[in-house]
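In this note's numbering, the protein residues as written are 14 to 124.
Structure first, commentary second.
See the structure below:
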């Protein structure tokens, strides 16, 4: 449930005066997050991504590479569930593929 709220806040943060503290931290880390998204989906420039998919990816990449509190499989599964709930018909596969590639590229090793 918390991830769902964070995705909503990430998506709408430009409309809010006081975003969630985690969202503010994610925004401060975009210089580390966005290049990883670009590397995991090079055929999709950030400006062409569905804004909901971008919010989901930003949260997941933050959790995978900066926060590192949950196992990568949990983060990916929950990101795919968020994509099913909020994204378009192709969003779940896109999110799953992008995050799977990110894990392979970074050799993330979590149990």
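Where a beta carbon is used, it is the ideal one built from N, C-alpha and C, also for glycine.
Quick caveat: nothing in here was measured; it's all calculated off a predicted structure.
Is the Cβ-Cβ distance between residue i and residue j less than 7 Å?
i, j, result
"residue 95", "residue 49", "no"
"residue 62", "residue 47", "no"
"residue 69", "residue 77", "no"
"residue 16", "residue 91", "yes"
Which one of the options has the shortest CA to CA distance from residue i?
i, options, result
"residue 100", "18, 64, 86 and 88", "64"
"residue 22", "82, 80 and 72", "72"
"residue 111", "74, 17 and 102", "74"
"residue 80", "17, 24 and 45", "45"
"residue 67", "113, 55 and 24", "24"
"residue 86", "113, 41, 31 and 38", "113"
Between which residues of its own chain and residue i is the CB-CB distance below 6 Å, once the five residues before and five after are set aside?
i, result
"residue 93", "105, 108 and 109"
Considering only residues of the same chain and omitting the five flanking positions on each side of residue i, which have a CB-CB separation below 7 Å?
i, result
"residue 118", "52 and 53"
"residue 19", "33, 35, 36 and 72"
"residue 97", "105"
"residue 57", "none"
Short of 8 Å in beta carbon distance, which residues of its chain neighbour residue i, apart from the five on each side in sequence? Order them along the chain.
i, result
"residue 126", "A question about residue 126 goes unanswered here, because the residues of the chain that appear run from 14 up to 124."
Legend entry - Complete alpha helix (DSSP H) runs within the region 29-95 (minimum length 4 residues, chain order): 34-41, 43-53 and 64-75
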